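Novice: Numbering of the sequence shown is given in the numbering used here, commencing with residue 272 and proceeding in unit increments. Beta carbons: idealized from backbone N, C-alpha and C, even for Gly. Given the structure is predicted, the values throughout are model-derived calculations rather than measurements. Structure below; questions to follow.
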Amino acid sequence: MTFKSRYAGVLLSLLLAGGASEAIAAQPLIVYTDQSQIINLSRAAGVVVVGNPSIADATIQGNSVFLHGRGFGTTNVIILDEDGGHLANFEIDVQLGGRNNVALFKAGGLQSYVCAPDCETQMHVGDTPGHFKETVLERNKDKIDLATGQKSAESDEKPPAE
C-alpha cells in the first residue's frame, strides 16, 4: 500500500465518520487488483453504483462500503444513502499491487508472477494468453477438478497397455 492511498483512506474515513453532511465529490482512490478497501460512511449506504464493474466492484455492509479491485483501469463509484441522497463520489484507479508482484515482459508478451519468496505464475489481465492456457489454466483446472471430486487422481494415469 502506498503512502498516498494509506493516508487518503484514513483522511476520508475521518471526514465521513465525522458527520460530514455534504457529499464528498470525486475523491481519487487507489485499489489494487484482487484486493479490497473499506470506506466508512457517516450513515448507511442505500445504493452503490460502479461505472465499470469489470474494473471494480462494491459490497455494502451497514455504514461501510467495501471496494474490490477486479481489473486494471479507472472507473468511478457513486454512493447514495437510503433516501437517495448523495453521500460520496470516488474516482477509482485499479492498479497491479503488492510488493511481491513481478511483471516479466518477454518477446512482446507479459507474464505475471508473485514472488514470496519463490516465484509462482499468477494470471493478471493483459498477460500473454498462450502462456496460461498450456500451463497455468490447465493445471489449475486439474487441481480444482481433483479437489471437488470431478476427477480422480487415477484418471490422469494412462491405461495399461494391452
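For VAL318, which residues from the same chain have a beta carbon less than 7 Å from its beta carbon, with the 5 sequence-adjacent residues on both sides left out?
Specialist: Position 47 of the sequence shown holds residue 318. Cβ neighbours of VAL318 beyond the five flanking positions: LEU351.
Novice: Taking the beta strand (DSSP E) that LYS377 falls in, what are its first and last residues?
Specialist: By 1-based counting over the sequence shown, the position of residue 377 is 106. Here the beta strand (DSSP E) through LYS377 covers 372 to 377.
Novice: Find the nearest neighbour of CYS386 within the set GLY380, VAL365 and LEU375, judged by alpha-carbon distance.
Specialist: Translated into positions along the sequence shown, residue 386 becomes position 115. Closest option to CYS386, Cα to Cα, is LEU375.
Novice: Mapping the DSSP letters down to three states, classify GLY401 as helix, strand or coil.
Specialist: Residue numbering aside, residue 401 sits at position 130 when the sequence shown is read from its first letter. Here GLY401 sits in helix by DSSP.
Novice: If ILE326 sits next to THR346, beta carbons under 8 Å apart, how far is it from one beta carbon to the other, in whole angstroms?
Specialist: In the sequence shown, the residue the question calls residue 326 occupies position 55. In the sequence shown, the residue the question calls residue 346 occupies position 75. Their Cβ separation, rounded to whole angstroms, is 4 Å, which keeps ILE326 and THR346 in contact under 8 Å.
Novice: From VAL373 to MET394, what distance separates their C-alpha atoms?
Specialist: Counted from its first residue, the sequence shown places residue 373 at position 102. Counted from its first residue, the sequence shown places residue 394 at position 123. One C-alpha to the other measures close to 11 Å.
Novice: Relative to the alpha-carbon of SER335, which residue among GLY355, ALA359, GLY322 and ASP354 has its alpha-carbon at the smallest distance?
Specialist: As a first step, residue 335 must be located in the sequence shown, where it is residue number 64. For the residues GLY355, ALA359, GLY322 and ASP354, the minimum Cα distance to SER335 belongs to ALA359.
Novice: Pull up the distance between the alpha-carbon of PRO400 and that of PRO299, whole angstroms please.
Specialist: Here residue 400 refers to the residue found at position 129 when the sequence shown is read from its first residue. Here residue 299 refers to the residue found at position 28 when the sequence shown is read from its first residue. Looking at the two C-alpha atoms, the distance is approximately 32 Å.
Novice: HIS402: which of ALA378, VAL320, ARG341 and ILE301 sits nearest, CA to CA?
Specialist: What you label residue 402 is simply residue 131 of the sequence shown in a count that begins at 1. Per the Cα distances, ALA378.
Novice: Residues in the same chain with beta-carbon distance under 6 Å from ARG314, minus the five sequence neighbours each way, listed in chain order, please.
Specialist: Position 43 of the sequence shown, counting from 1, holds the residue named residue 314. For ARG314, where only same-chain residues beyond five positions count, the Cβ hits under 6 Å are ASP352.
Novice: Taking C-alpha atoms, which residue in ASP398, GLU391 and GLY397 lies nearest to ARG410?
Specialist: For the purposes of this step, residue 410 is identified with residue 139 of the sequence shown, where counting begins at 1. It is GLU391 whose Cα lies nearest to the Cα of ARG410.
Novice: Classify LEU408 as buried or exposed, calling it buried when 16 or more other Cβ atoms lie within 10 Å of its own Cβ.
Specialist: Reading the sequence shown from its first residue, position 137 is the one you call residue 408. Burial call: exposed.
Novice: With DSSP as the reference, identify every bridge partner of ILE326, one or two as the case may be.
Specialist: Reading the sequence shown from its first residue, position 55 is the one you call residue 326. None, per the DSSP bridge assignment.
Novice: From the DSSP output, which residues share a beta bridge with ALA362?
Specialist: In the sequence shown, counting from the first residue as 1, residue 362 sits at position 91. This sequence places Glu at residue 362; Ala is not what is there. Per DSSP, PRO299 and ASN347.
Novice: Which residues in the same chain have their Cβ closer than 6 Å to the Cβ of ALA316, if we skip the five residues on either side of it in sequence?
Specialist: Your numbering for residue 316 matches position 45 in the sequence shown. Excluding positions up to five away in sequence, the list reads ILE331, VAL336 and ILE350.
Novice: On the CB-based measure, 16 or more other CB atoms within 10 Å of its CB, does SER383 come out buried or exposed?
Specialist: As a position in the sequence shown, residue 383 is number 112, starting the count at 1. Buried, because 16 or more other Cβ atoms sit within 10 Å of the Cβ of SER383.
Novice: Does DSSP put ASN334 in a helix, a strand or coil?
Specialist: By 1-based counting over the sequence shown, the position of residue 334 is 63. Note: ASN334 maps to coil in three-state DSSP.
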